[in-house]
């Protein structure tokens, strides 16, 4: 009888242990619905380290206390993981390297902002003959997990509304839009002057098949003194969900007629100058970092 009772007691204990294990495993599965960057089994970053992700520039802004602690080299050879599934590998690229690789990567120095943010860019080679791979940074699972945890920002977008030609002068009208409900601060060419504005961007660019080369106005640029100088006086607020119209005129030399030309415009930021986290804060909004590109095909 005592033996039978012991067997019953042992069975109950085993059932309880199994139930506990099942609960623990269920909790683990629930925790898998997270964004993580891991390397060789080591957790490099997760959502507790990240303040927000700007999807327009693909810049991840970090909390003051985070696992990287300014050591971005830990990201080299890592993997972006969502829900326990690998989304894409990540590497750091040297600008001086002749071995240019494709895929998601971080350019050393150029994509590392102080100790508070880094950008993930996507490199692909387009020759018109091969299929251009999808950009894995835009994976819906990444958007979903950041949106769920209220850490997703849409940032800014740029559209080229028109490109017109008068002789060798090209006029373009742009629309800059804030995709978020709160304000950002951006470089304003009317405040800083178009020369200084074009220190941060080539402005309107197109590929001339007759040259053949990419063409932009090389005479409009003006350098700040010193080269990394900047001031908040250069900035303007773009309110939540607001759109702004910008207009530029360039001298691009002879522009072919009768051919379809692809024009691009990169709208810049202070990313090369701003290195201190506290400088982002403008009181009622933050300085936007990164660059957004507009494209338009045009036949003259």
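Residue numbers (the working numbering): 1 to 300. Backbone N, C-alpha and C fix where the C-beta goes; we use that ideal spot for every residue, glycine too. No experiment lies behind these values; they were computed from the predicted model shown.
Note down, in chain order, each residue of its chain lying with its Cβ closer than 6 Å to the Cβ of residue i, except the 5 sequence neighbours on either side.
{"i": "residue 115", "result": "70"}
{"i": "residue 162", "result": "173"}
{"i": "residue 89", "result": "79"}
{"i": "residue 286", "result": "280"}
Quick check: the Cα distance between residue i and residue j, rounded to an integer number of angstroms?
{"i": "residue 72", "j": "residue 175", "result": "34 Å"}
{"i": "residue 68", "j": "residue 79", "result": "15 Å"}
{"i": "residue 148", "j": "residue 142", "result": "10 Å"}
{"i": "residue 104", "j": "residue 192", "result": "33 Å"}
{"i": "residue 166", "j": "residue 95", "result": "38 Å"}
{"i": "residue 263", "j": "residue 204", "result": "7 Å"}
{"i": "residue 206", "j": "residue 197", "result": "19 Å"}
{"i": "residue 282", "j": "residue 140", "result": "31 Å"}
{"i": "residue 230", "j": "residue 224", "result": "8 Å"}
Under the three-state reduction of DSSP, which class applies to residue i: helix, strand or coil?
{"i": "residue 253", "result": "coil"}
{"i": "residue 67", "result": "coil"}
{"i": "residue 74", "result": "helix"}
{"i": "residue 137", "result": "helix"}
{"i": "residue 248", "result": "strand"}
{"i": "residue 196", "result": "helix"}
{"i": "residue 145", "result": "helix"}
{"i": "residue 157", "result": "strand"}
{"i": "residue 46", "result": "strand"}
{"i": "residue 243", "result": "strand"}
In its own chain, which residues sit with a C-beta less than 7 Å from the C-beta of residue i, not counting the 5 before and 5 after it?
{"i": "residue 177", "result": "156, 157, 243"}
{"i": "residue 46", "result": "34, 35, 36"}
{"i": "residue 76", "result": "91, 92"}
{"i": "residue 188", "result": "234, 235, 236"}
Strictly by DSSP, which residues pair up with residue i?
{"i": "residue 205", "result": "264"}
{"i": "residue 298", "result": "261"}
{"i": "residue 293", "result": "266"}
{"i": "residue 171", "result": "164, 249"}
{"i": "residue 89", "result": "79"}
{"i": "residue 280", "result": "Residue 280 pairs with nothing; no bridge assigned."}
{"i": "residue 235", "result": "187"}
{"i": "residue 275", "result": "DSSP lists no partner for residue 275."}
Which term fits residue i, buried or exposed, when burial requires 16 or more other beta carbons within 10 angstroms of its beta carbon?
{"i": "residue 123", "result": "exposed"}
{"i": "residue 133", "result": "exposed"}
{"i": "residue 227", "result": "exposed"}
{"i": "residue 250", "result": "buried"}
{"i": "residue 253", "result": "exposed"}
Please work out which residues of its chain come closer than 8 Å, Cβ to Cβ, to residue i, disregarding the five sequence neighbours upstream and downstream, and give them in chain order.
{"i": "residue 100", "result": "93, 123"}
{"i": "residue 113", "result": "59, 119, 271, 274, 275, 289"}
{"i": "residue 297", "result": "260, 261, 262, 263"}
Establish whether the CB of residue i and some CB of chain D are separated by less than 8 Å.
{"i": "residue 225", "result": "No chain D is present in this structure, which holds just one protein chain."}
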